[in-house]
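Chains as they are written, first to last, in the working numbering: chain A, 170 to 577; chain B, 170 to 577. All C-beta atoms in this analysis are idealised placements derived from N, C-alpha and C, irrespective of residue type, glycine included. Note that this is a predicted model, so its numbers are computed, not measured. The structure appears right after this line, and notes come after that.
Protein chains: 2
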Amino acid sequence: MACYIQKFGGTSVGSIERIQHVARLIEKTYREGHQLVVVLSAMSGETDRLSTMAREVSQDQDDRELDVLLSSGERVTIALMAMMLKSLGVNARSFTGRQVGIVTDGAHTKARVSRVDTQRVRAALQDGVVPIVAGFQGMNEASDVTTLGRGGSDLTAVALAAALKADTCFIYTDVDGIYTADPNMVPSARKLEKISYEEMLELASLGAKVLQTRSVELAAKYQVPMEVRSSFQDGSGTRVVQEDTDMEQVLVSGITGDRDQAKVTVVGVPDQPGIAAKMFVAIAEAAINVDMIIQNVSHDSLTDISFTVPRGDLKSAMSLVRDLAKEVGARTVEVNEAIAKVSLVGVGMRSHSGVAARMFATLSRDGINIMMISTSEIKISCVVEEKYMELAVRGLHQEFELDKPPGV
Amino acid sequence: MACYIQKFGGTSVGSIERIQHVARLIEKTYREGHQLVVVLSAMSGETDRLSTMAREVSQDQDDRELDVLLSSGERVTIALMAMMLKSLGVNARSFTGRQVGIVTDGAHTKARVSRVDTQRVRAALQDGVVPIVAGFQGMNEASDVTTLGRGGSDLTAVALAAALKADTCFIYTDVDGIYTADPNMVPSARKLEKISYEEMLELASLGAKVLQTRSVELAAKYQVPMEVRSSFQDGSGTRVVQEDTDMEQVLVSGITGDRDQAKVTVVGVPDQPGIAAKMFVAIAEAAINVDMIIQNVSHDSLTDISFTVPRGDLKSAMSLVRDLAKEVGARTVEVNEAIAKVSLVGVGMRSHSGVAARMFATLSRDGINIMMISTSEIKISCVVEEKYMELAVRGLHQEFELDKPPGV
Numbered sequence: 170m171a172c173y174i175q176k177f178g179g180t181s182v183g184s185i186e187r188i189q190h191v192a193r194l195i196e197k198t199y200r201e202g203h204q205l206v207v208v209l210s211a212m213s214g215e216t217d218r219l220s221t222m223a224r225e226v227s228q229d230q231d232d233r234e235l236d237v238l239l240s241s242g243e244r245v246t247i248a249l250m251a252m253m254l255k256s257l258g259v260n261a262r263s264f265t266g267r268q269v270g271i272v273t274d275g276a277h278t279k280a281r282v283s284r285v286d287t288q289r290v291r292a293a294l295q296d297g298v299v300p301i302v303a304g305f306q307g308m309n310e311a312s313d314v315t316t317l318g319r320g321g322s323d324l325t326a327v328a329l330a331a332a333l334k335a336d337t338c339f340i341y342t343d344v345d346g347i348y349t350a351d352p353n354m355v356p357s358a359r360k361l362e363k364i365s366y367e368e369m370l371e372l373a374s375l376g377a378k379v380l381q382t383r384s385v386e387l388a389a390k391y392q393v394p395m396e397v398r399s400s401f402q403d404g405s406g407t408r409v410v411q412e413d414t415d416m417e418q419v420l421v422s423g424i425t426g427d428r429d430q431a432k433v434t435v436v437g438v439p440d441q442p443g444i445a446a447k448m449f450v451a452i453a454e455a456a457i458n459v460d461m462i463i464q465n466v467s468h469d470s471l472t473d474i475s476f477t478v479p480r481g482d483l484k485s486a487m488s489l490v491r492d493l494a495k496e497v498g499a500r501t502v503e504v505n506e507a508i509a510k511v512s513l514v515g516v517g518m519r520s521h522s523g524v525a526a527r528m529f530a531t532l533s534r535d536g537i538n539i540m541m542i543s544t545s546e547i548k549i550s551c552v553v554e555e556k557y558m559e560l561a562v563r564g565l566h567q568e569f570e571l572d573k574p575p576g577v
Numbered sequence: 170m171a172c173y174i175q176k177f178g179g180t181s182v183g184s185i186e187r188i189q190h191v192a193r194l195i196e197k198t199y200r201e202g203h204q205l206v207v208v209l210s211a212m213s214g215e216t217d218r219l220s221t222m223a224r225e226v227s228q229d230q231d232d233r234e235l236d237v238l239l240s241s242g243e244r245v246t247i248a249l250m251a252m253m254l255k256s257l258g259v260n261a262r263s264f265t266g267r268q269v270g271i272v273t274d275g276a277h278t279k280a281r282v283s284r285v286d287t288q289r290v291r292a293a294l295q296d297g298v299v300p301i302v303a304g305f306q307g308m309n310e311a312s313d314v315t316t317l318g319r320g321g322s323d324l325t326a327v328a329l330a331a332a333l334k335a336d337t338c339f340i341y342t343d344v345d346g347i348y349t350a351d352p353n354m355v356p357s358a359r360k361l362e363k364i365s366y367e368e369m370l371e372l373a374s375l376g377a378k379v380l381q382t383r384s385v386e387l388a389a390k391y392q393v394p395m396e397v398r399s400s401f402q403d404g405s406g407t408r409v410v411q412e413d414t415d416m417e418q419v420l421v422s423g424i425t426g427d428r429d430q431a432k433v434t435v436v437g438v439p440d441q442p443g444i445a446a447k448m449f450v451a452i453a454e455a456a457i458n459v460d461m462i463i464q465n466v467s468h469d470s471l472t473d474i475s476f477t478v479p480r481g482d483l484k485s486a487m488s489l490v491r492d493l494a495k496e497v498g499a500r501t502v503e504v505n506e507a508i509a510k511v512s513l514v515g516v517g518m519r520s521h522s523g524v525a526a527r528m529f530a531t532l533s534r535d536g537i538n539i540m541m542i543s544t545s546e547i548k549i550s551c552v553v554e555e556k557y558m559e560l561a562v563r564g565l566h567q568e569f570e571l572d573k574p575p576g577v
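In C-alpha cells form, the structure reads like this:
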C-alpha cells in the first residue's frame with residue numbers, strides 16, 4: 170500500500186462537471202487500496218473574482234483581510250468534492266488549512282509554512298478516510314488564516330507529502346507534463362519523462378507556470394518525488410526527481426522564453442565605490458526582484474548600470490530608481506519593455522562545456538543581438554529584443570536536438 | 170459609552186455599493202464613540218448559489234460538508250467590510266465564527282450555540298477595534314465548522330449581545346420594522362414602535378421572516394433589547410423588548426396570513442385508543458412540524474383526523490401517513506393545499522376576553538368559513554380557504570383598528 174498526494178489545480182475543479190471527473194480519478198486510486206490525500210485549489214477564476222471585489226472595496230490592500238477573503242474559495246471546492254466522493258462510496262472528509270495542520274508564519278498573502286501538525290490527518294488516514302484538503306491556506310500562531318501566495322496549493326501538497334513521507338506527490342493540472350519548450354511556441358517540443366529538482370526550479374523561476382517555485386524547493390529539500398500529470402487526459406506525465414547520472418548525458422533539458430521582463434538603465438552614474446550597492450540595497454528593501462545586472466565600462470568617470478525586473482514591478486522600481494538617480498547625480502533613467510529572456514536549462518551543462526558558445530553562435534546565425542547574459546551552473550540566459558524571442562527559442566530547440574528523445 | 174451589536178442581512182451587503190453604504194452606517198456609530206460589534210450575513214443569493222452547486226454534485230446531503238461550503242459566504246463579506254472600513258479610517262478586523270468564539274453542538278446545518286468564548290472579541294474591543302463577525306457559523310467541539318440554520322446570523326448577533334451584555338442588538342434588514350400586518354396585503358398597516366419578545370416569537374413562528382425565531386427566544390431569555398431597522402433608509406425601527414403594562418392596553422398587536430400550510434385528513438380511522446398517538450409519534454420522529462390537529466366526533470366507531478403541516482414537509486408527511494393509514498385500517502387520506510392560516514397576536518389578550526369571538530364574527534360577516542382553530546395565551550389562529558386569506562387579514566385589521574396608533 171502506497172501513500173499518495175493528489176493535487177488538482179483550479180481548471181481541474183473549474184466546474185461541477187470537472188469536479189465529477191476528478192472525483193472519479195480519485196475514486197480509482199482509492200479503489201486500488203492506497204492511502205490518499207487530495208489537495209484542491211479554488212475553482213478557476215474564483216481568486217480573480219474575489220481579488221476584483223477587494224480592489225473595488227478599497228485601494229489600500231489589507232493583507233490580513235485579503236487572506237480571509239481569498240481562502241474562502243478552497244472551502245467551496247473541498248466541500249463539493251467531499252460530497253461528490255461520498256456519493257460515489259468513497260469515505261472522504263474535507264479539511265481546511267487549519268484542520269490539516271498547516272501552521273505558517275505571519276506574512277499574510279505570502280506566508281511560509283513553519284510546520285505541519287499531521288496528527289488529525291494521520292488519524293483520518295488510519296480510519297481509511299480520504300482527506301480532501303484546502304490548498305493555498307494555513308493558520309498562523311495568532312490563529313488567523315494565512316495564504317501561501319499564487320500557486321500555494323502546490324506548496325500545501327508538497328508540505329503534506331513531506332510530513333507524511335508520501336511515495337509520490339501528483340500535481341494534476343491542465344497540461345500533461347513538462348516540455349522541452351512551450352509547445353505553443355515550438356510545435357516539435359517533446360514531453361520530458363523526468364526532470365531533476367534543480368532543472369525544474371530553474372524552469373519555474375524562468376516563468377514555467379506548471380509548478381510553483383517554492384513547492385519544488387521544498388520537494389528537493391525533503392526528496393519528495395513529484396509527478397506533473399493532466400487531469401484532462403489519461404497517462405503518465407513528467408516525474409520531478411533527484412538528479413541521476415542518466416540525466417547528465419543530456420546537455421539541455423528545456424528552453425524557455427520569458428516576456429515578463431523590463432530593462433532599466435541608469436545613464437551617467439558617477440563611477441564611485443558604493444553607488445551601485447546603495448541603489449540595489451534600496452531596490453531589494455522594496456522587495457523588487459532584480460534579475461540581471463550589467464555595469465558598462467567607465468568613460469570620463471561615468472558609467473551606465475542596467476538591470477532587469479519583472480514588468481509588474483517596473484512602476485515601483487522606477488519611482489525608486491528615479492529618486493536614487495537624482496540623489497547620486499546620474500544623468501537620466503531609460504526603460505525598455507520590449508525585451509525577452511531566452512534560457513537554456515540542463516544539469517548536463519555541469520559536465521559539458523561549450524553550451525554557451527553554441528547558444529551564442531545559434532542566436533548570431535539568426536541575426537539576433539544579445540543584450541545581456543547571465544549564467545548559473547545549469548542555466549544560460551540571454552536577453553534579446555522581444556520580437557526575436559520565438560525565433561530564438563525555436564532555433565535553439567533545433568540546435569540542441571530537443572525534439573529527439575535522449576539516447577537516440 | 171454604550172455597547173452595540175449591528176447585524177446586517179444578505180440584502181444589506183448584497184453588492185459592493187451596499188457594502189460601501191453599510192460601512193458608512195457603521196462608521197457613524199463608531200465616530201460617536203460607542204463600542205461596536207458588527208455581524209454580517211453572506212451576500213444575498215450566495216447561500217442559494219452554493220446550495221445549488223451542492224445539489225448538482227450529490228443527491229445525498231452531507232451536512233458536515235454542506236456547513237464547510239455554506240460558511241464560505243460570510244468570510245467574503247466580513248473581509249470586504251473590514252477592508253472598506255479600514256479605508257474609511259475605522260479600526261476594523263474580521264472574525265470568523267470560530268475566532269469570535271461561537272461554540273456549538275455537533276448538529277450540522279442547524280447547530281445550537283452552546284457557549285460564546287468572548288475573550289478574543291473583548292480584547293479587540295478593549296483595543297478600540299470594531300470586530301466584523303461572520304454570522305451563521307460556529308465551531309463544534311471537534312473543531313469542525315457548523316452553521317446555525319436559515320437566519321442564523323440573527324442568532325450570532327443575539328448570542329454575542331447576550332455574552333457581551335450589549336445595550337442593544339440592532340438587526341438591519343430590508344424593511345424598517347415590524348408592522349401590524351404585511352403592508353403588501355394591508356396598505357394601512359402601521360409600523361410598531363415596540364413589541365414584546367413573546368409577540369415577536371408568535372409572529373416569527375407564524376411566518377414573519379424579519380427575525381429568526383431562535384434569536385428572539387435567546388433575546389427573551391437573556392433580556393437582550395433588539396431593534397429591527399432598515400439599512401436602506403434612516404430612522405428608528407421597531408424595538409423588541411420585555412413586555413410592559415403599556416403593551417397590555419393593546420388588544421391585538423399584529424395580524425398575519427400564512428400560505429405555507431397544507432391540510433392532511435385521514436378519513437375513517439378506527440376510533441380506538443392509541444391510534445392517533447401512534448401516527449403523530451411517527452410524524453414527530455420524522456422531524457415534521459405538525460401545527461394544528463382536529464379529530465372529528467366519531468360515527469360508527471370511525472373518526473377523521475385532520476392536521477396541518479408546512480407545504481415543504483407535505484411530501485414526506487404523506488408517504489408516512491399513507492403507510493400508517495394502511496396499517497391502522499383507515500379508509501383514505503385526503504390533502505388540501507389551498508388553505509391559509511390567519512392569526513391575531515397580542516399580549517393584551519391575556520387580560521381581555523372576547524377577542525376570539527370578535528375574530529369569528531368578523532370572518533363570518535365576510536362570509537369566510539373557519540376550517541380549524543388553535544389558540545395560545547396571546548394568539549388565535551384560524552385556517553381558512555386560501556382565496557379568502559387577504560380578505561380576512563384586511564377585515565380583521567380594520568375591526569381591531571390596527572391602523573390607528575395605540576391610545577388614540
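- request: Compare the Cα-Cα distances from A:M518 to each of A:T501, A:E506, A:T544 and report the closest residue.
  value: Within the first sequence, the letter at position 349 stands for residue 518 of chain A. Ranking the options by Cα distance to A:M518, first place goes to A:T544.
query: Counting along the chain, where does the beta strand (DSSP E) carrying B:K432 start and finish?
result: Translated into the one-based positions of the second sequence, residue 432 of chain B becomes position 263. Start and end: 431 to 439.
message: Can you check whether the C-beta of A:R284 is within less than 9 Å of a C-beta belonging to chain B?
response: To locate residue 284 of chain A, count along the first sequence from 1; it is residue 115. Chain B contact via Cβ: absent.
- prompt: Going straight from the alpha carbon of B:D232 to that of A:G564, what length do you get?
  reply: Along the second sequence, one-based indexing puts residue 232 of chain B at 63. Along the first sequence, one-based indexing puts residue 564 of chain A at 395. Each residue's Cα considered, the two are about 58 Å apart.
- prompt: Which ranges would you report for the beta strand (DSSP E) in the segment 253 to 302 of chain A if only whole runs of at least 3 residues count?
  reply: 261 to 264, 271 to 273, 282 to 285, all fully within the segment 253 to 302 of chain A.
- request: List in chain order: all unbroken beta strand (DSSP E) runs of 3+ residues lying wholly within the segment 200 to 247 of chain A.
  value: 204 to 209
query: Pick from B:Q441, B:V450, B:V272: whose alpha carbon is nearest that of B:N458?
result: For the purposes of this step, residue 458 of chain B is identified with residue 289 of the second sequence, where counting begins at 1. Nearest option by C-alpha distance: B:V450.
- prompt: Is the distance from the Cβ of A:S399 to the Cβ of A:Y341 below 9 Å?
  reply: Along the first sequence, read from residue 1 onward, the residue named residue 399 of chain A stands at position 230. Along the first sequence, read from residue 1 onward, the residue named residue 341 of chain A stands at position 172. Cβ atoms of A:S399 and A:Y341: closer than 9 Å.
query: Assuming B:T477 contacts B:V552 under a Cβ cut-off of 8 Å, what Cβ separation, rounded to an integer in Å, is found between them?
result: Position 308 of the second sequence, counted from the first residue, corresponds to residue 477 of chain B. Position 383 of the second sequence, counted from the first residue, corresponds to residue 552 of chain B. That pair is a contact at about 6 Å.
message: Less than 9 Å between the C-beta atoms of B:V409 and A:T265, yes or no?
response: To locate residue 409 of chain B, count along the second sequence from 1; it is residue 240. To locate residue 265 of chain A, count along the first sequence from 1; it is residue 96. It is not a contact, given that the beta carbons lie outside the stated cut-off.
field: Proximity test, Cβ basis, 9 Å: B:S227 and chain A
entry: Position 58 of the second sequence, counted from the start, is the residue given in the question as residue 227 of chain B. Yes, its Cβ sits closer than 9 Å to a Cβ of chain A.
message: Quick check on the burial criterion: 16 or more other C-beta atoms within 10 angstroms. Buried or exposed for A:K447?
response: Stepping through the first sequence from its first residue, residue 447 of chain A is reached at position 278. Exposed is the call here.
query: Buried or exposed: A:K432, going by 16 or more other Cβ atoms within 10 Å of its Cβ?
result: In the first sequence, counting from the first residue as 1, residue 432 of chain A sits at position 263. Counting Cβ neighbours within 10 Å, A:K432 comes out buried, since at least 16 surround it.
field: For B:N505: DSSP bridge partner residues
entry: Position 336 of the second sequence, counted from the first residue, corresponds to residue 505 of chain B. DSSP output for B:N505 lists B:K432 as bridge partner(s).
query: Interface residues of chain A around B:M308 at Cβ under 8 Å?
result: Counting from 1 along the second sequence, the entry for residue 308 of chain B is found at position 139. Here the premise fails: no neighbours, minimum Cβ distance about 10 Å.
Coil, strand or helix - A:R519 by DSSP: The count along the first sequence starts at 1 and reaches residue 519 of chain A at position 350. Under the three-state reduction of DSSP output, A:R519 falls in the helix class.
Status (buried if at least 16 other CB within 10 Å, exposed otherwise) for B:M346: Position 177 of the second sequence, counted from the first residue, corresponds to residue 346 of chain B. First, the amino acid is wrong: residue 346 of chain B is Gly here, not Met. With 16 or more Cβ atoms within 10 Å of its Cβ, B:G346 is classed as buried.
message: Does the beta-carbon of A:A530, which I'm using as the reference point, lie nearer than 8 Å to any heavy atom of the ligand SAH?
response: This structure lacks the ligand SAH, and indeed carries no ligand of any kind.
- prompt: How would you list, in chain order, the residues of chain A whose beta-carbon sits under 9 Å from the beta-carbon of B:K255?
  reply: Start at 1 with the first residue of the second sequence, and residue 255 of chain B comes out as number 86. In chain order: S227, D229, D231, E234.
message: Is there a Cβ of chain B sitting closer than 9 Å to that of A:R398, yes or no?
response: Taking the first residue of the first sequence as 1, we reach residue 398 of chain A at position 229. Output row for A:R398: interface = no.
- prompt: Per DSSP, A:V410 forms a beta bridge with which residues?
  reply: The residue labelled residue 410 of chain A in the question sits at position 241 within the first sequence. Paired residue(s): A:S365.
query: Is the number of C-beta pairs between the segment 382 to 393 of chain B and the segment 322 to 336 of chain B that are closer than 8 Å three or more?
result: yes
- prompt: Roughly how far, in whole angstroms, is the beta-carbon of A:M252 from the beta-carbon of B:E234, given that I think they are within contact range, below 8 Å?
  reply: One-based indexing of the first sequence puts residue 252 of chain A at position 83. One-based indexing of the second sequence puts residue 234 of chain B at position 65. Indeed they touch by this definition, with Cβ atoms about 5 Å apart.
Proximal chain A residues relative to B:I271, where beta-carbon distance stays under 8 Å: The residue labelled residue 271 of chain B in the question sits at position 102 within the second sequence. Residues of chain A passing the Cβ test: none, with the nearest at roughly 14 Å.
- prompt: Roughly how many angstroms separate the alpha carbons of B:F177 and B:V207, rounded to a whole number?
  reply: In the second sequence, counting from the first residue as 1, residue 177 of chain B sits at position 8. In the second sequence, counting from the first residue as 1, residue 207 of chain B sits at position 38. In a straight line, the C-alpha of B:F177 is about 8 Å away from that of B:V207.
query: Closest to B:A311 by CA distance: which of B:S485, B:R267, B:A330 is it?
result: Here residue 311 of chain B refers to the residue found at position 142 of the second sequence. The shortest C-alpha separation from B:A311 is found at B:R267.
Proximal residues of chain B, C-beta to C-beta of A:S241 below 7 Å: The residue labelled residue 241 of chain A in the question sits at position 72 within the first sequence. S241, R244, V245, listed in chain order.
- prompt: When the cut-off is 9 Å and only beta carbons count, does B:Q295 lie next to chain A?
  reply: For this step, residue 295 of chain B is matched to residue 126 along the second sequence. It does not: the Cβ of B:Q295 has no partner Cβ on chain A nearer than 9 Å.
- request: Answer yes if the segment 497 to 509 of chain A comes into contact with the segment 436 to 445 of chain A, meaning at least three C-beta pairs across the two stretches below 8 Å, and no otherwise.
  value: yes
B:I247 vs B:A331 beta-carbon contact at 9 Å: Within the second sequence, the letter at position 78 stands for residue 247 of chain B. Within the second sequence, the letter at position 162 stands for residue 331 of chain B. Not in contact: B:I247 and B:A331 (Cβ atoms no closer than 9 Å).
message: Just verifying my parser: in three-state terms, what is the DSSP assignment at A:V421?
response: For the purposes of this step, residue 421 of chain A is taken as residue 252 along the first sequence, with counting starting at 1. Residue state, collapsed to three classes: coil.
- prompt: Alpha carbon to alpha carbon, what distance is there between A:L513 and B:I188?
  reply: For the purposes of this step, residue 188 of chain B is identified with residue 19 of the second sequence, where counting begins at 1. For the purposes of this step, residue 513 of chain A is identified with residue 344 of the first sequence, where counting begins at 1. Separation of B:I188 and A:L513 (C-alpha to C-alpha, rounded to the nearest whole angstrom) is 50 Å.
Chain-ordered neighbours of A:V237 on chain B, where CB pairs are closer than 8 Å: If you number the first sequence from 1, residue 237 of chain A lands on position 68. Correct list: R244, I247, A248, A251, S263, T265.
- prompt: Is the number of C-beta pairs between the segment 192 to 203 of chain B and the segment 352 to 360 of chain B that are closer than 8 Å three or more?
  reply: Inter-segment contact for the segment 192 to 203 of chain B and the segment 352 to 360 of chain B is absent: fewer than three beta-carbon pairs are separated by less than 8 Å.
- request: Determine the DSSP secondary structure at B:G426, reduced to helix, strand or coil.
  value: Taking the second sequence and counting its residues from 1, one reaches residue 426 of chain B at position 257. Of the three classes helix, strand and coil, the one that applies to B:G426 here is strand, per DSSP.
task: Starting from B:S322, find everything on chain A with Cβ-Cβ shorter than 7 Å and list it in chain order.
output: Position 153 of the second sequence, counted from the first residue, corresponds to residue 322 of chain B. None at all; the shortest Cβ gap to chain A is about 16 Å.
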